[in-house]
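*Asks:*
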Amino acid sequence: MKNPIAVRFGCNFARARKRIGISQEEVSLRASLHRTEVSQLERGLRLCRLDTLVKLRDALGVPTDDLLDGIAWNPGDYSPGGFETGGGEER
462 MKNPIAVRFG CNFARARKRI GISQEEVSLR ASLHRTEVSQ LERGLRLCRL DTLVKLRDAL
522 GVPTDDLLDG IAWNPGDYSP GGFETGGGEE R
């Protein structure tokens, strides 16, 4: 099963690339990435590292927000654990 974050990123990336009218090959050259990596990112088969995100952003000339559109973190509740001592008799 594909990672939904990787899929969303891939859709955003493909949309940005097509909007400026360049091929995956051109992105790979501009970003110093292998073309197969560009293809895998677009198809949501892998999630990029931070350095790759910066390369893609600069290669496409788009804001990072365009590539991360629709990807958000919702912090959950945090409840710290703790030990309990069963209330037995002291020795």
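Count along the sequence shown from 1, add 461, and you get the number used in the numbering used here. C-beta: ideal position from N, C-alpha, C; glycine also. Keep in mind the model is a prediction, meaning the values are calculated, not measured.
1. With a threshold of 16 other CB atoms inside 10 Å of the CB of G471, please say whether the residue is buried or exposed.
2. Can you tell which of P465, P524, L514 has its C-alpha closest to the C-alpha of S489?
3. What do you get for A533, buried or exposed, if any count of 16 or more other CB atoms within 10 angstroms of its CB means buried?
4. Is it true that the region 491–501 meets the region 539–550, where meeting means three or more beta-carbon pairs spaced less than 8 angstroms apart?
5. Helix, strand or coil for G471, going by three-state DSSP, please let me know.
6. Hey, how far is the Cα of K516 from the Cα of L508?
*Replies:* To lay it out plainly:
1. By the neighbour-count rule (16 or more Cβ atoms within 10 Å), G471 is buried.
2. Nearest neighbour of S489 by Cα position, chosen from P465, P524, L514, turns out to be L514.
3. The residue in question, A533, is exposed, as its Cβ has fewer than 16 Cβ neighbours within 10 Å.
4. Cβ pair count under 8 angstroms is below three, so no.
5. Of the three classes helix, strand and coil, the one that applies to G471 here is helix, per DSSP.
6. Each residue's alpha carbon lies about 14 angstroms from the other.
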